[in-house]
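In our numbering, the protein residues as written are 668 to 727.
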């Protein structure tokens, strides 16, 4: 069982892999999909998938 982490500012439980509070730091939430991305590659792929009709996530 993992220990509960709480936000120092508001006291809400932090249960996201980014280890940040989405209430106090709304910029952690992706404007495209509404979820949290823990790295730049994931965020870039999310944006491209929503905005680039020619985007192919398997084209490396």
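Note that beta-carbon positions come from the ideal geometry of N, C-alpha and C, so glycine has one too.
Neighbour-count burial assignment, residue i, 16 or more Cβ in a 10 Å radius
i	result
residue 691	exposed
residue 677	exposed
Alpha-carbon to alpha-carbon, residue j and residue i
i	j	result
residue 727	residue 721	13 Å
residue 699	residue 679	24 Å
residue 705	residue 712	12 Å
residue 684	residue 703	8 Å
residue 725	residue 682	30 Å
residue 686	residue 710	16 Å
Opening and closing residue of the alpha helix (DSSP H) in which residue i lies
i	result
residue 707	707-718
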